[in-house]
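A.B. asks:
In our numbering, the protein residues as written are 11 to 73.
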């Protein structure tokens, strides 16, 4: 649910501010939980508290 929302609305390298994420029915606590899971799995990266991004992949497949 959150992953699909982020993929539809953000491109790699674009900052994702937690305050800008508006998904009906998801609480702030639940949002933080899912962002942590996505960060731990390497799907997104955390720049600083409250700011995330999809990593860019270069021509060698490295982030």
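Virtual Cβ for every residue (Gly too), placed ideally from N, Cα, C.
Applying the 10 Å Cβ sphere with the 16-neighbour rule, what's the burial state of residue 26?
C.D. replies: In the assembly as shown, residue 26 is a buried residue. Its beta-carbon has 16 or more other beta-carbons within 10 Å.
A.B. asks: For residue 13, count the other beta carbons within 10 Å of its own beta carbon; 16 or more makes it buried, fewer makes it exposed. Which is it?
C.D. replies: exposed
A.B. asks: Could you compute how far the alpha carbon of residue 11 sits from the alpha carbon of residue 35?
C.D. replies: 11 Å
A.B. asks: Is it the case that the Cβ atoms of residue 41 and residue 28 are separated by a distance below 8 Å?
C.D. replies: Contact flag set, yes.
A.B. asks: Who are the near neighbours of residue 15 in its chain, counting only those whose CB is closer than 6 Å to its CB and skipping five residues on each side?
C.D. replies: Residues 33 of the same chain have their beta carbon placed closer than 6 Å to that of residue 15, with the five preceding and five following residues left out of the count.
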